[in-house]
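One structure below.
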Amino acid sequence: MNQQFDMIIIGGGLVGASLACALKDTSLSIALIEAQSTQAQLYSDVSIDNADLRVSALNRASESFLRTLGVWQVLPEQRLSAYDKMRVWDGEGTGHIHFDAAELAETHLGHIVENSVTNAALLEALYAQNNVQVFNPVKLENIEQTSDDSFGYLLQLDNGQILQTPMLIAADGGRSRVRQWAGFDTREWDYQHHALVCTVEVEQNHQACAWQRFTEDGVLAFLPMANSNLCSIVWSCPESQAEHLLALPDDEFLSELSRAFEYKLGKVQACGQRAAIPLRQRHAKTYVKDGVVLVGDAAHSIHP
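Final position of the sequence shown in our numbering is 1339; the numbers increase by one with none missing.
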């Protein structure tokens, strides 16, 4: 017999898991399907070896939202990095802008948090919710629309289970299979850039500051992590440059990165694993269609 739910969310990343948590006080029965294992080293100190390559800058509004969900309170302090300043400048030295929480009479502007850490805390909260059933790690094999006019959907999972729902939420990212299956039209183009990401150790204290340098080729950001000498970097650059940077030995990469960042924090002394993520703009022309709703990157993805 098929399991029936009022709503099924495909994708248990930050957006899908946050949505499920936000519906905790409703009478809706909800299923959340996530293909990837969502384990994270929540309670260890951050290091180059264990840091997630993907981080998010959570502003105070996002913190407040997560607090209302009961999630912010369980995020481990040793993986949270408050930033109270931002320094942004261009590569020609002709323009710069600074932001400081003290000027706003605030303690901080936001926190840098690894995506896997936030995600693990969200899912931990979901497992305690009576109205949400989490299927993880489980892959969606097939979607069929029921034969009646109720816009019902049958979902077959790779573990053999079949779920049924009148409402399907696509939270499965920029290359959403659900969006493609449902036939949503999109406007999209390739930025011809990749985002190179990694965790680095810098010579000087990062000063709880988020740093960003604009050049004619792209943007280089150093985001402060919980260890005062670790930063998560995002280097947006043309694809050929990203491939070159990935292929460099560590010592040559560190030298090139230090120069590109103008030694703002001294030399970059060490780096963890490097990866490059293609950057592509996508925007669905509509977000709702026949009982299917697009959220997050499934609805719109832009240059970070």
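We treat Cβ as the ideally placed atom computed from N, Cα and C, and that holds for glycine.
- With distances taken between CA atoms, residue 1067 lies nearest to 1200 out of 1187, 1269, 1083 and 1200.
- Taking residue 1117 as the centre and dropping the five residues before and after it, the same chain places the C-beta of 1143, 1146 and 1243 closer than 7 Å to its C-beta, in chain order.
- Considering only 1047, 1309 and 1095, the residue with the shortest C-alpha distance to residue 1172 is 1047.
- Counting only the Cα atoms, residue 1234 lies some 10 Å from residue 1310.
- Closest by C-alpha distance to residue 1332, out of 1281, 1180 and 1210, is 1210.
- Along the length of the stretch 1248-1295, whole alpha helix (DSSP H) runs at least 4 residues long occupy 1274-1282 and 1285-1295, reported in chain order.
- DSSP, read as helix, strand or coil, puts residue 1333 in helix.
- Nearest to residue 1304 by alpha-carbon distance, out of 1337, 1291 and 1312, is 1291.
- Taking C-beta atoms under 8 Å as the contact rule, residue 1324 and residue 1257 fail to qualify, at a distance of about 41 Å.
- Taken in chain order, the unbroken stretches of beta strand (DSSP E) that lie wholly in the stretch 1145-1214 and span 3 residues or more are 1145-1149, 1167-1170, 1175-1180, 1188-1192, 1197-1200 and 1203-1205.
- Between the C-alpha atoms of residue 1320 and residue 1334 there is a straight-line separation of about 9 Å.
- When DSSP assignments are scanned along the stretch 1081-1131, the uninterrupted stretches of beta strand (DSSP E) that are 3 or more residues long and fall wholly within it turn out to be 1090-1094, 1115-1118 and 1120-1125.
- Annotation: the continuous beta strand (DSSP E) that includes residue 1230 extends over 1221-1237.
- Note: residue 1299 is bridge-paired with 1301 in the DSSP secondary-structure output.
- The criterion of a C-beta distance shorter than 9 Å is satisfied by residue 1052 and residue 1161.
- The alpha-carbon of residue 1249 is positioned some 17 Å away from that of residue 1274.
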